[in-house]
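Residue numbers (the UniProt record's numbering): 1 to 563.
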Amino acid sequence: MTTPPDFDFDRDSVRIHTPSRREYTRLDENLFHHSGEASGTTGKHRADRSFDELTHTSDHNSSSRYYSYSNYGVFSSEKSTPKVKQTAESEFNEETPLILPSEPSITPPNDQDPGSPVSFQDETKNILQNAGPLMGAALLESSLLTVGLINVGQLGSKELGAASIASILANFTGYMIYRGLATALENLCAQEMKAGMHHLVPLHFQRMLCLLLVITVPIMVLWSFAERLLPLVLSNQETAILAGRYLGIAAWGLPAHAIFESGRRYIEAQGVESATTHVLSVCAPITAFVNWLLVWNRKWGFIGAPVALTINNYLQPCSLFLYIVLGSHDKYWNGFSRRAFSNWGPMIRLAISNMIAAEAESLVHGMTTLASSYFGPVALAAQAVLVAVTNTVLQVPFSLSKSTQDRISDLMRAGRADSAWAVGKLAFLVAFSVGAIYMLALSLLRYPVAQVFATDRAVIAFAAEVMPLCAATHFVGCLTLISNGILCGIGKKTTAGFIQTVVFANIALPLGLGSAFGLGWTVWGLWGGALIGFCIILIVQWLILSRVNLKKCIEEVSKNLID
(Lines of atoms letter the chains of each structure in order from A and count residues from 1; the text may use other names and numbers.)
(Lines give C-alpha, C1' and ligand atoms only; values in the text may rest on other atoms or scores of the structure.)
Protein backbone atom coordinates (compact mmCIF):
# COMPACT_ATOMS: atom_id res chain seq x y z
CA MET A 1 0.00 0.00 0.00
CA THR A 2 1.35 3.42 -0.91
CA THR A 3 1.35 6.00 1.83
CA PRO A 4 -0.73 9.14 1.57
CA PRO A 5 1.02 12.44 0.87
CA ASP A 6 2.42 14.53 3.68
CA PHE A 7 -0.13 16.95 5.07
CA ASP A 8 0.51 20.15 6.96
CA PHE A 9 -1.35 19.84 10.26
CA ASP A 10 -2.38 23.13 11.77
CA ARG A 11 -3.26 22.49 15.39
CA ASP A 12 -4.51 26.02 15.99
CA SER A 13 -7.06 26.10 13.19
CA VAL A 14 -7.80 22.39 13.57
CA ARG A 15 -7.45 21.75 9.86
CA ILE A 16 -5.33 19.54 7.65
CA HIS A 17 -4.51 21.44 4.48
CA THR A 18 -3.17 19.93 1.30
CA PRO A 19 -0.56 21.93 -0.68
CA SER A 20 -2.29 21.64 -4.06
CA ARG A 21 -4.10 19.15 -6.22
CA ARG A 22 -1.09 18.58 -8.44
CA GLU A 23 1.00 17.26 -5.56
CA TYR A 24 -1.32 14.35 -4.82
CA THR A 25 0.17 10.91 -5.22
CA ARG A 26 -1.78 7.83 -6.12
CA LEU A 27 -3.24 6.11 -3.06
CA ASP A 28 -4.35 2.60 -2.50
CA GLU A 29 -8.10 2.56 -2.95
CA ASN A 30 -8.46 0.43 0.19
CA LEU A 31 -7.23 3.36 2.25
CA PHE A 32 -10.67 4.95 2.27
CA HIS A 33 -12.71 1.75 2.26
CA HIS A 34 -15.38 1.79 4.92
CA SER A 35 -17.78 -0.81 6.19
CA GLY A 36 -21.53 -0.54 6.40
CA GLU A 37 -21.52 -1.00 10.17
CA ALA A 38 -21.10 2.71 10.78
CA SER A 39 -22.95 4.39 7.95
CA GLY A 40 -25.27 1.74 6.61
CA THR A 41 -23.62 1.83 3.18
CA THR A 42 -20.45 0.65 1.57
CA GLY A 43 -18.28 2.40 -0.91
CA LYS A 44 -14.90 3.80 -1.79
CA HIS A 45 -13.76 7.38 -2.14
CA ARG A 46 -11.19 8.75 -4.52
CA ALA A 47 -8.00 10.02 -2.97
CA ASP A 48 -8.25 13.37 -4.72
CA ARG A 49 -11.43 14.23 -2.82
CA SER A 50 -11.77 15.96 0.55
CA PHE A 51 -13.75 14.50 3.37
CA ASP A 52 -15.52 15.36 6.60
CA GLU A 53 -14.58 12.95 9.32
CA LEU A 54 -17.67 11.52 10.94
CA THR A 55 -17.15 9.19 13.87
CA HIS A 56 -19.58 6.63 15.24
CA THR A 57 -18.88 4.54 18.31
CA SER A 58 -20.03 0.94 18.41
CA ASP A 59 -21.22 -0.98 21.43
CA HIS A 60 -17.66 -2.21 22.02
CA ASN A 61 -16.39 1.40 22.25
CA SER A 62 -14.46 0.96 19.02
CA SER A 63 -14.80 3.72 16.46
CA SER A 64 -15.29 3.19 12.76
CA ARG A 65 -15.19 6.12 10.37
CA TYR A 66 -16.63 7.03 7.03
CA TYR A 67 -16.00 10.00 4.86
CA SER A 68 -18.38 12.24 2.95
CA TYR A 69 -17.65 14.60 0.12
CA SER A 70 -17.31 18.29 0.93
CA ASN A 71 -15.17 21.08 -0.48
CA TYR A 72 -11.87 20.23 -2.13
CA GLY A 73 -8.64 20.00 -0.20
CA VAL A 74 -9.89 20.33 3.40
CA PHE A 75 -9.95 17.80 6.20
CA SER A 76 -11.74 18.57 9.46
CA SER A 77 -10.63 17.14 12.78
CA GLU A 78 -14.01 17.93 14.34
CA LYS A 79 -16.27 14.96 15.03
CA SER A 80 -19.83 15.17 13.84
CA THR A 81 -22.83 13.92 15.70
CA PRO A 82 -24.46 10.61 14.70
CA LYS A 83 -27.51 12.58 13.53
CA VAL A 84 -25.78 13.56 10.29
CA LYS A 85 -26.87 11.33 7.44
CA GLN A 86 -24.71 10.37 4.52
CA THR A 87 -26.06 11.75 1.26
CA ALA A 88 -25.99 10.23 -2.16
CA GLU A 89 -23.04 12.42 -3.06
CA SER A 90 -20.88 10.57 -0.56
CA GLU A 91 -21.58 7.11 -2.00
CA PHE A 92 -18.91 6.18 -4.51
CA ASN A 93 -18.55 3.02 -6.56
CA GLU A 94 -17.13 1.84 -9.87
CA GLU A 95 -19.68 3.90 -11.84
CA THR A 96 -18.88 7.18 -10.12
CA PRO A 97 -17.43 9.70 -12.63
CA LEU A 98 -13.83 10.66 -11.99
CA ILE A 99 -14.50 14.35 -12.58
CA LEU A 100 -17.51 15.90 -10.93
CA PRO A 101 -19.45 18.59 -12.79
CA SER A 102 -18.31 22.03 -11.83
CA GLU A 103 -20.51 24.03 -9.49
CA PRO A 104 -22.11 27.20 -10.78
CA SER A 105 -20.12 30.32 -10.00
CA ILE A 106 -21.45 32.65 -7.35
CA THR A 107 -19.60 35.57 -8.88
CA PRO A 108 -21.80 38.01 -10.77
CA PRO A 109 -21.42 37.82 -14.55
CA ASN A 110 -19.97 41.29 -14.69
CA ASP A 111 -17.15 40.24 -12.36
CA GLN A 112 -16.14 37.34 -14.58
CA ASP A 113 -14.87 39.66 -17.28
CA PRO A 114 -11.68 41.32 -16.04
CA GLY A 115 -11.86 43.81 -18.86
CA SER A 116 -15.43 45.01 -18.38
CA PRO A 117 -15.53 48.70 -17.39
CA VAL A 118 -17.00 49.94 -14.13
CA SER A 119 -20.30 51.80 -14.39
CA PHE A 120 -20.12 54.60 -11.83
CA GLN A 121 -23.89 54.88 -11.76
CA ASP A 122 -24.37 51.17 -11.17
CA GLU A 123 -21.58 50.97 -8.58
CA THR A 124 -22.93 53.97 -6.68
CA LYS A 125 -26.36 52.37 -6.63
CA ASN A 126 -24.82 49.06 -5.55
CA ILE A 127 -22.88 50.61 -2.65
CA LEU A 128 -25.87 52.59 -1.41
CA GLN A 129 -28.25 49.64 -1.70
CA ASN A 130 -25.91 47.33 0.21
CA ALA A 131 -25.29 50.01 2.83
CA GLY A 132 -29.02 50.61 3.36
CA PRO A 133 -29.75 47.61 5.62
CA LEU A 134 -26.49 48.22 7.49
CA MET A 135 -27.45 51.84 8.09
CA GLY A 136 -30.85 50.82 9.37
CA ALA A 137 -29.43 48.28 11.82
CA ALA A 138 -26.65 50.63 12.99
CA LEU A 139 -28.98 53.60 13.52
CA LEU A 140 -31.51 51.46 15.36
CA GLU A 141 -28.80 50.02 17.60
CA SER A 142 -27.30 53.42 18.41
CA SER A 143 -30.78 54.79 19.15
CA LEU A 144 -31.11 52.43 22.12
CA LEU A 145 -28.64 54.53 24.13
CA THR A 146 -29.40 57.85 22.42
CA VAL A 147 -33.10 57.75 23.35
CA GLY A 148 -32.13 57.17 26.97
CA LEU A 149 -29.81 60.19 26.90
CA ILE A 150 -32.54 62.37 25.39
CA ASN A 151 -35.02 61.41 28.11
CA VAL A 152 -32.51 61.81 30.92
CA GLY A 153 -31.18 65.06 29.46
CA GLN A 154 -34.53 66.72 30.07
CA LEU A 155 -34.08 66.11 33.81
CA GLY A 156 -30.98 68.28 34.12
CA SER A 157 -27.30 68.68 33.25
CA LYS A 158 -26.08 66.45 36.10
CA GLU A 159 -28.34 63.60 35.02
CA LEU A 160 -27.26 64.01 31.39
CA GLY A 161 -23.58 63.95 32.35
CA ALA A 162 -24.04 60.91 34.59
CA ALA A 163 -25.93 58.99 31.91
CA SER A 164 -23.25 59.87 29.36
CA ILE A 165 -20.43 58.65 31.60
CA ALA A 166 -22.36 55.47 32.36
CA SER A 167 -22.99 54.85 28.65
CA ILE A 168 -19.34 55.43 27.77
CA LEU A 169 -18.14 53.10 30.53
CA ALA A 170 -20.76 50.52 29.57
CA ASN A 171 -19.45 50.56 26.00
CA PHE A 172 -15.78 50.44 26.95
CA THR A 173 -15.97 47.85 29.74
CA GLY A 174 -18.84 45.75 28.40
CA TYR A 175 -20.61 46.14 25.09
CA MET A 176 -17.51 46.74 22.95
CA ILE A 177 -15.86 43.70 24.55
CA TYR A 178 -18.84 41.58 23.57
CA ARG A 179 -18.85 43.03 20.07
CA GLY A 180 -15.13 42.49 19.55
CA LEU A 181 -15.17 38.93 20.84
CA ALA A 182 -18.30 37.99 18.90
CA THR A 183 -16.73 39.28 15.67
CA ALA A 184 -14.46 36.23 15.77
CA LEU A 185 -17.59 34.11 15.35
CA GLU A 186 -18.19 35.76 11.97
CA ASN A 187 -14.72 34.76 10.79
CA LEU A 188 -14.94 31.20 12.09
CA CYS A 189 -18.40 30.58 10.67
CA ALA A 190 -17.39 32.07 7.32
CA GLN A 191 -14.47 29.63 7.12
CA GLU A 192 -16.70 26.65 7.87
CA MET A 193 -19.33 27.77 5.37
CA LYS A 194 -16.66 28.20 2.69
CA ALA A 195 -15.26 24.75 3.48
CA GLY A 196 -18.72 23.16 3.35
CA MET A 197 -18.55 22.09 7.00
CA HIS A 198 -21.92 23.48 7.96
CA HIS A 199 -22.29 21.15 10.92
CA LEU A 200 -19.44 22.98 12.69
CA VAL A 201 -21.19 26.37 12.59
CA PRO A 202 -23.45 25.58 15.60
CA LEU A 203 -20.42 24.30 17.49
CA HIS A 204 -18.57 27.61 17.06
CA PHE A 205 -21.72 29.43 18.17
CA GLN A 206 -21.93 27.37 21.35
CA ARG A 207 -18.25 27.97 22.12
CA MET A 208 -18.59 31.73 21.62
CA LEU A 209 -21.73 31.82 23.75
CA CYS A 210 -19.92 30.01 26.56
CA LEU A 211 -16.97 32.40 26.28
CA LEU A 212 -19.20 35.48 26.44
CA LEU A 213 -21.09 34.12 29.45
CA VAL A 214 -17.79 33.48 31.24
CA ILE A 215 -16.65 37.03 30.48
CA THR A 216 -20.01 38.32 31.76
CA VAL A 217 -19.25 37.31 35.35
CA PRO A 218 -16.35 39.73 36.03
CA ILE A 219 -18.08 42.51 34.07
CA MET A 220 -21.22 42.17 36.20
CA VAL A 221 -19.13 42.27 39.36
CA LEU A 222 -17.32 45.41 38.16
CA TRP A 223 -20.55 47.20 37.26
CA SER A 224 -22.20 46.19 40.53
CA PHE A 225 -19.47 48.00 42.50
CA ALA A 226 -19.37 51.01 40.15
CA GLU A 227 -21.36 53.14 42.60
CA ARG A 228 -18.48 52.76 45.09
CA LEU A 229 -15.61 52.90 42.59
CA LEU A 230 -16.54 55.88 40.40
CA PRO A 231 -16.47 58.46 43.23
CA LEU A 232 -12.80 57.56 43.63
CA VAL A 233 -12.12 58.51 39.99
CA LEU A 234 -14.51 61.34 39.09
CA SER A 235 -14.35 64.81 40.62
CA ASN A 236 -18.12 65.37 40.92
CA GLN A 237 -19.37 62.97 43.58
CA GLU A 238 -23.08 63.30 42.75
CA THR A 239 -22.46 62.58 39.06
CA ALA A 240 -20.26 59.61 39.94
CA ILE A 241 -22.91 58.08 42.22
CA LEU A 242 -25.63 58.46 39.57
CA ALA A 243 -23.40 56.91 36.89
CA GLY A 244 -22.52 54.01 39.18
CA ARG A 245 -26.19 53.43 39.96
CA TYR A 246 -26.92 53.36 36.21
CA LEU A 247 -24.25 50.68 35.64
CA GLY A 248 -25.41 48.63 38.62
CA ILE A 249 -28.91 48.31 37.16
CA ALA A 250 -27.71 47.77 33.58
CA ALA A 251 -25.48 44.90 34.76
CA TRP A 252 -28.52 42.63 35.08
CA GLY A 253 -29.03 42.73 31.32
CA LEU A 254 -25.51 41.58 30.39
CA PRO A 255 -26.25 37.81 30.14
CA ALA A 256 -29.07 38.47 27.68
CA HIS A 257 -26.85 40.82 25.69
CA ALA A 258 -24.20 38.09 25.43
CA ILE A 259 -26.81 35.69 24.04
CA PHE A 260 -27.98 38.25 21.47
CA GLU A 261 -24.48 39.17 20.27
CA SER A 262 -23.54 35.55 19.61
CA GLY A 263 -26.96 34.56 18.28
CA ARG A 264 -27.18 37.37 15.73
CA ARG A 265 -23.82 36.44 14.23
CA TYR A 266 -24.70 32.77 14.16
CA ILE A 267 -27.84 33.36 12.11
CA GLU A 268 -26.19 36.01 9.90
CA ALA A 269 -23.45 33.50 9.05
CA GLN A 270 -26.16 31.38 7.41
CA GLY A 271 -27.01 34.21 5.03
CA VAL A 272 -29.88 35.75 7.01
CA GLU A 273 -28.26 39.19 7.13
CA SER A 274 -31.52 41.03 7.77
CA ALA A 275 -32.15 39.29 11.09
CA THR A 276 -30.63 42.07 13.21
CA THR A 277 -32.51 44.78 11.34
CA HIS A 278 -35.85 43.02 11.81
CA VAL A 279 -35.22 42.43 15.51
CA LEU A 280 -34.07 45.99 16.20
CA SER A 281 -36.95 47.46 14.21
CA VAL A 282 -39.23 45.85 16.79
CA CYS A 283 -37.13 46.40 19.92
CA ALA A 284 -36.07 50.03 19.33
CA PRO A 285 -39.60 51.54 19.32
CA ILE A 286 -40.58 49.44 22.33
CA THR A 287 -37.46 50.59 24.20
CA ALA A 288 -38.20 54.23 23.36
CA PHE A 289 -41.73 53.85 24.71
CA VAL A 290 -40.54 52.09 27.87
CA ASN A 291 -37.97 54.87 28.40
CA TRP A 292 -40.67 57.53 28.27
CA LEU A 293 -43.03 55.43 30.38
CA LEU A 294 -40.56 54.85 33.21
CA VAL A 295 -38.72 58.19 33.20
CA TRP A 296 -41.72 60.49 32.85
CA ASN A 297 -45.06 58.70 33.09
CA ARG A 298 -44.21 56.56 36.12
CA LYS A 299 -41.95 59.28 37.56
CA TRP A 300 -39.00 56.94 38.05
CA GLY A 301 -36.68 59.67 36.82
CA PHE A 302 -33.03 58.83 36.20
CA ILE A 303 -33.40 55.18 37.23
CA GLY A 304 -35.96 54.58 34.48
CA ALA A 305 -33.32 54.78 31.72
CA PRO A 306 -31.13 51.83 32.85
CA VAL A 307 -34.24 49.79 33.68
CA ALA A 308 -35.52 50.33 30.13
CA LEU A 309 -32.10 49.36 28.76
CA THR A 310 -32.13 46.14 30.80
CA ILE A 311 -35.61 45.26 29.55
CA ASN A 312 -34.40 45.82 25.99
CA ASN A 313 -31.42 43.51 26.55
CA TYR A 314 -33.81 40.65 27.32
CA LEU A 315 -36.27 41.61 24.62
CA GLN A 316 -33.64 41.33 21.87
CA PRO A 317 -32.66 37.63 22.25
CA CYS A 318 -36.30 36.66 22.74
CA SER A 319 -37.26 38.46 19.52
CA LEU A 320 -34.33 36.90 17.69
CA PHE A 321 -35.35 33.42 18.84
CA LEU A 322 -38.93 33.95 17.65
CA TYR A 323 -37.67 35.32 14.33
CA ILE A 324 -35.49 32.24 13.78
CA VAL A 325 -38.08 29.68 14.86
CA LEU A 326 -41.14 31.18 13.18
CA GLY A 327 -39.24 31.88 9.97
CA SER A 328 -37.37 28.53 9.94
CA HIS A 329 -34.12 30.40 9.28
CA ASP A 330 -31.77 28.05 11.17
CA LYS A 331 -30.62 25.32 8.76
CA TYR A 332 -27.64 23.79 10.57
CA TRP A 333 -28.53 23.41 14.25
CA ASN A 334 -27.71 19.87 15.38
CA GLY A 335 -28.15 20.15 19.14
CA PHE A 336 -25.90 21.03 22.04
CA SER A 337 -22.49 19.39 22.18
CA ARG A 338 -19.99 18.79 24.97
CA ARG A 339 -17.26 19.83 22.57
CA ALA A 340 -18.41 23.42 23.11
CA PHE A 341 -16.42 23.37 26.37
CA SER A 342 -13.12 22.40 24.71
CA ASN A 343 -10.70 23.63 22.03
CA TRP A 344 -11.19 27.34 22.77
CA GLY A 345 -7.61 28.27 21.87
CA PRO A 346 -7.99 29.35 18.21
CA MET A 347 -11.24 31.15 18.96
CA ILE A 348 -9.78 33.09 21.90
CA ARG A 349 -6.68 34.17 19.95
CA LEU A 350 -8.82 35.48 17.12
CA ALA A 351 -11.34 37.05 19.49
CA ILE A 352 -8.74 38.95 21.51
CA SER A 353 -7.31 40.67 18.43
CA ASN A 354 -10.80 41.72 17.35
CA MET A 355 -11.63 42.92 20.86
CA ILE A 356 -8.53 45.14 20.97
CA ALA A 357 -9.52 46.74 17.66
CA ALA A 358 -13.07 47.35 18.91
CA GLU A 359 -11.84 48.83 22.20
CA ALA A 360 -9.54 51.22 20.33
CA GLU A 361 -12.56 52.71 18.58
CA SER A 362 -14.23 53.72 21.86
CA LEU A 363 -11.02 54.67 23.66
CA VAL A 364 -10.94 58.32 22.55
CA HIS A 365 -14.59 59.06 23.29
CA GLY A 366 -14.38 57.26 26.62
CA MET A 367 -11.27 59.03 27.84
CA THR A 368 -12.38 62.46 26.62
CA THR A 369 -15.77 62.12 28.31
CA LEU A 370 -14.16 61.12 31.59
CA ALA A 371 -11.69 64.00 31.24
CA SER A 372 -14.49 66.50 30.61
CA SER A 373 -15.96 65.67 34.03
CA TYR A 374 -13.05 67.61 35.59
CA PHE A 375 -14.17 70.80 33.83
CA GLY A 376 -17.53 70.97 35.62
CA PRO A 377 -21.06 69.66 35.08
CA VAL A 378 -21.77 72.06 32.21
CA ALA A 379 -18.72 70.96 30.22
CA LEU A 380 -19.51 67.31 30.95
CA ALA A 381 -23.11 67.70 29.76
CA ALA A 382 -21.96 69.54 26.62
CA GLN A 383 -19.47 66.76 25.88
CA ALA A 384 -22.29 64.24 26.36
CA VAL A 385 -24.33 66.05 23.69
CA LEU A 386 -21.40 66.08 21.25
CA VAL A 387 -20.60 62.39 21.79
CA ALA A 388 -24.27 61.42 21.35
CA VAL A 389 -24.40 63.34 18.05
CA THR A 390 -21.15 61.70 16.94
CA ASN A 391 -22.37 58.19 17.70
CA THR A 392 -25.47 58.85 15.61
CA VAL A 393 -24.08 60.59 12.52
CA LEU A 394 -21.06 58.31 12.06
CA GLN A 395 -23.31 55.26 11.63
CA VAL A 396 -23.97 56.25 8.00
CA PRO A 397 -20.31 56.45 6.85
CA PHE A 398 -19.55 53.33 8.88
CA SER A 399 -22.20 51.45 6.89
CA LEU A 400 -20.86 52.89 3.63
CA SER A 401 -17.39 51.71 4.64
CA LYS A 402 -18.61 48.17 5.24
CA SER A 403 -20.48 48.13 1.92
CA THR A 404 -17.40 49.44 0.10
CA GLN A 405 -15.21 46.83 1.77
CA ASP A 406 -17.49 44.00 0.65
CA ARG A 407 -17.70 45.26 -2.94
CA ILE A 408 -13.95 45.79 -3.30
CA SER A 409 -13.31 42.38 -1.76
CA ASP A 410 -15.58 40.77 -4.37
CA LEU A 411 -13.76 42.55 -7.19
CA MET A 412 -10.36 41.53 -5.81
CA ARG A 413 -11.43 37.88 -5.69
CA ALA A 414 -12.56 38.23 -9.30
CA GLY A 415 -9.11 39.56 -10.27
CA ARG A 416 -10.37 43.02 -11.22
CA ALA A 417 -7.79 45.30 -9.61
CA ASP A 418 -8.56 48.36 -11.75
CA SER A 419 -12.28 48.05 -11.06
CA ALA A 420 -11.63 47.71 -7.33
CA TRP A 421 -9.53 50.88 -7.35
CA ALA A 422 -12.23 52.73 -9.32
CA VAL A 423 -14.91 51.66 -6.83
CA GLY A 424 -12.68 52.84 -3.97
CA LYS A 425 -12.35 56.31 -5.49
CA LEU A 426 -16.08 56.42 -6.14
CA ALA A 427 -16.84 55.50 -2.53
CA PHE A 428 -14.43 58.21 -1.37
CA LEU A 429 -16.41 60.79 -3.37
CA VAL A 430 -19.64 59.55 -1.79
CA ALA A 431 -18.07 59.85 1.68
CA PHE A 432 -16.84 63.36 0.83
CA SER A 433 -20.41 64.36 -0.05
CA VAL A 434 -21.84 62.82 3.13
CA GLY A 435 -19.19 64.47 5.29
CA ALA A 436 -19.76 67.86 3.68
CA ILE A 437 -23.51 67.59 4.31
CA TYR A 438 -22.84 66.67 7.93
CA MET A 439 -20.46 69.58 8.46
CA LEU A 440 -22.84 72.09 6.88
CA ALA A 441 -25.96 70.79 8.65
CA LEU A 442 -24.42 70.58 12.12
CA SER A 443 -22.87 74.02 11.78
CA LEU A 444 -26.15 75.64 10.76
CA LEU A 445 -28.41 73.64 13.10
CA ARG A 446 -26.10 73.49 16.10
CA TYR A 447 -28.56 75.12 18.51
CA PRO A 448 -31.62 72.99 17.59
CA VAL A 449 -29.48 69.85 17.76
CA ALA A 450 -28.20 70.74 21.23
CA GLN A 451 -31.73 71.50 22.41
CA VAL A 452 -32.79 67.94 21.59
CA PHE A 453 -30.49 66.59 24.31
CA ALA A 454 -30.46 69.35 26.92
CA THR A 455 -32.67 72.00 28.51
CA ASP A 456 -30.00 73.93 30.44
CA ARG A 457 -29.17 77.12 28.53
CA ALA A 458 -25.52 77.03 29.56
CA VAL A 459 -25.16 73.46 28.28
CA ILE A 460 -26.90 74.32 25.00
CA ALA A 461 -24.68 77.35 24.44
CA PHE A 462 -21.47 75.46 25.25
CA ALA A 463 -22.37 72.51 23.00
CA ALA A 464 -23.39 74.84 20.15
CA GLU A 465 -20.05 76.67 20.34
CA VAL A 466 -18.01 73.48 19.98
CA MET A 467 -20.38 71.92 17.41
CA PRO A 468 -18.58 73.35 14.30
CA LEU A 469 -15.27 71.81 15.45
CA CYS A 470 -17.12 68.56 16.11
CA ALA A 471 -18.65 68.78 12.61
CA ALA A 472 -15.20 69.21 11.04
CA THR A 473 -14.08 66.10 12.92
CA HIS A 474 -17.06 64.23 11.49
CA PHE A 475 -16.12 65.33 7.97
CA VAL A 476 -12.60 63.93 8.27
CA GLY A 477 -13.98 60.90 10.10
CA CYS A 478 -16.20 60.05 7.12
CA LEU A 479 -13.20 60.05 4.79
CA THR A 480 -11.15 58.01 7.27
CA LEU A 481 -13.84 55.34 7.57
CA ILE A 482 -14.08 54.91 3.80
CA SER A 483 -10.29 54.73 3.45
CA ASN A 484 -10.30 52.09 6.17
CA GLY A 485 -12.93 50.14 4.22
CA ILE A 486 -10.80 50.29 1.06
CA LEU A 487 -7.76 48.97 2.92
CA CYS A 488 -9.78 46.13 4.43
CA GLY A 489 -11.28 45.33 1.02
CA ILE A 490 -7.88 44.80 -0.59
CA GLY A 491 -6.80 42.52 2.26
CA LYS A 492 -5.01 45.04 4.51
CA LYS A 493 -7.33 44.73 7.50
CA THR A 494 -4.51 44.24 9.99
CA THR A 495 -2.69 47.30 8.67
CA ALA A 496 -5.81 49.45 8.92
CA GLY A 497 -6.48 48.39 12.50
CA PHE A 498 -2.86 48.94 13.50
CA ILE A 499 -2.87 52.49 12.11
CA GLN A 500 -6.01 53.45 14.01
CA THR A 501 -4.86 51.95 17.29
CA VAL A 502 -1.40 53.54 17.18
CA VAL A 503 -2.56 57.02 16.13
CA PHE A 504 -5.49 57.25 18.55
CA ALA A 505 -3.57 55.88 21.53
CA ASN A 506 -0.23 57.62 20.95
CA ILE A 507 -1.11 60.87 19.16
CA ALA A 508 -4.79 61.86 19.28
CA LEU A 509 -5.43 61.11 22.94
CA PRO A 510 -2.21 62.69 24.32
CA LEU A 511 -2.73 65.79 22.16
CA GLY A 512 -6.34 66.14 23.26
CA LEU A 513 -5.62 65.71 26.96
CA GLY A 514 -2.51 67.91 26.78
CA SER A 515 -4.29 70.81 25.10
CA ALA A 516 -7.39 70.44 27.31
CA PHE A 517 -5.52 70.50 30.63
CA GLY A 518 -2.12 71.97 29.77
CA LEU A 519 -3.36 74.83 27.56
CA GLY A 520 -6.72 75.21 29.28
CA TRP A 521 -8.76 74.60 26.12
CA THR A 522 -11.13 72.19 27.96
CA VAL A 523 -13.60 70.51 25.57
CA TRP A 524 -12.18 72.44 22.60
CA GLY A 525 -8.82 70.78 23.17
CA LEU A 526 -10.36 67.31 23.41
CA TRP A 527 -12.04 67.63 20.02
CA GLY A 528 -8.98 69.29 18.51
CA GLY A 529 -6.92 66.22 19.41
CA ALA A 530 -9.53 63.95 17.84
CA LEU A 531 -9.53 66.05 14.64
CA ILE A 532 -5.73 65.90 14.35
CA GLY A 533 -5.81 62.16 14.94
CA PHE A 534 -8.33 61.59 12.15
CA CYS A 535 -6.27 63.76 9.77
CA ILE A 536 -3.10 61.77 10.48
CA ILE A 537 -4.91 58.47 9.99
CA LEU A 538 -6.36 59.68 6.68
CA ILE A 539 -2.96 60.80 5.39
CA VAL A 540 -1.24 57.55 6.38
CA GLN A 541 -4.01 55.45 4.84
CA TRP A 542 -3.80 57.22 1.50
CA LEU A 543 0.00 57.05 1.48
CA ILE A 544 -0.33 53.28 1.81
CA LEU A 545 -3.05 53.10 -0.85
CA SER A 546 -1.00 55.17 -3.29
CA ARG A 547 1.92 52.74 -3.00
CA VAL A 548 0.07 49.44 -2.76
CA ASN A 549 0.46 46.85 -5.52
CA LEU A 550 -3.07 45.67 -6.25
CA LYS A 551 -1.84 42.80 -8.44
CA LYS A 552 0.13 41.45 -5.51
CA CYS A 553 -2.89 41.92 -3.25
CA ILE A 554 -4.96 39.83 -5.66
CA GLU A 555 -2.35 37.06 -5.49
CA GLU A 556 -2.47 37.16 -1.68
CA VAL A 557 -6.27 37.05 -1.70
CA SER A 558 -6.22 34.08 -4.08
CA LYS A 559 -3.66 32.31 -1.92
CA ASN A 560 -5.80 32.83 1.18
CA LEU A 561 -8.82 31.42 -0.63
CA ILE A 562 -6.87 28.30 -1.62
CA ASP A 563 -5.47 27.88 1.88
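Don't be surprised by glycine CBs; every beta carbon is placed ideally from N, CA and C.
Query                                                                                                                                                                  : Result
Give me the Cα-Cα distance between Ala381 and Leu160, rounded to the nearest whole angstrom.                                                                           : 6 Å
Whole angstroms is fine: what's the gap from Gly512's alpha carbon to Ala284's?                                                                                        : 34 Å
If you run the structure through DSSP and keep just helix, strand and coil, what is Asn354?                                                                            : helix
Grab me the residues of Ile259's own chain with a C-beta within less than 7 Å of its C-beta, minus the 5 sequence neighbours each way, in chain order.                 : Leu209, Pro317
Grouping DSSP H, G and I as helix and E and B as strand, with all else coil, what is Glu273?                                                                           : coil
Between the Cα of Gly424 and those of Ile241, Ile267, Ala190, Leu487, spot the shortest distance and give me the residue it belongs to.                                : Leu487
Measuring alpha carbon to alpha carbon, tell me which residue in Glu273, Ile348, Val452 is nearest Gly136.                                                             : Glu273
Give a yes or no on whether the C-beta atoms belonging to Asn151 and Ala384 are separated by under 8 Å.                                                                : no
For Asn130, collect the residues of the same chain with a Cβ closer than 6 Å to its Cβ; drop the 5 residues on either side in sequence, then sort them by chain order. : Ser403
Among residues of its own chain, excluding the 5 on either side of Ile537, which ones have a beta-carbon nearer than 7 Å to its beta-carbon?                           : Thr480, Ile499, Gln500, Val503
Just to confirm, are Ala288 and Val389 a CB contact at a threshold of 8 Å?                                                                                             : no
Among His204, Phe475, Ile507, Ser164, which one has its Cα closest to the Cα of Asn343?                                                                                : His204
My output table needs one value for Leu155: the three-state DSSP class, helix, strand or coil.                                                                         : coil
Report yes if the CB atom of Ser281 is closer than 8 Å to the CB atom of Leu140, and no otherwise.                                                                     : yes
Between the Cα of Val217 and those of Ala508, Cys189, Ile177, spot the shortest distance and give me the residue it belongs to.                                        : Ile177
Between Tyr323 and Pro202, how many whole angstroms is the CB-CB distance? I'm expecting something under 8 Å.                                                          : Their Cβ separation, rounded to whole angstroms, is 17 Å, which puts Tyr323 and Pro202 out of contact at 8 Å.
Could you spell out the range, first to last residue, of the alpha helix (DSSP H) harbouring Lys492?                                                                   : Here Lys492 belongs to no alpha helix (DSSP H), and DSSP marks it neither H nor E.
Roughly how many angstroms lie between the CA atoms of Ile249 and Pro231, to the nearest whole one?                                                                    : 17 Å
Just reading off the alpha helix (DSSP H) that Pro448 is part of, what are its end residues?                                                                           : 446-453
What separation, rounded to the nearest whole angstrom, lies between the Cα atoms of Val396 and Gln541?                                                                : 20 Å
So, with DSSP's three-state summary, where would you put Ile554?                                                                                                       : helix
Contact between the region 435-455 and the region 464-471 is defined here as three or more beta-carbon pairs at a separation below 8 Å; is this criterion met?         : yes
Considering Leu204, what are the terminal residues of the alpha helix (DSSP H) in which it resides?                                                                    : Reading the sequence as shown, one finds His at residue 204 and not Leu. 201-224 is the span of the alpha helix (DSSP H), which, as asked, contains His204.
Taking the runs of the alpha helix (DSSP H) that are 4 residues or longer, which of them lie wholly in the region 241-304?                                             : 254-268, 275-292
Between the alpha carbons of Gly520 and Gly514, how many angstroms are there, rounded?                                                                                 : 9 Å
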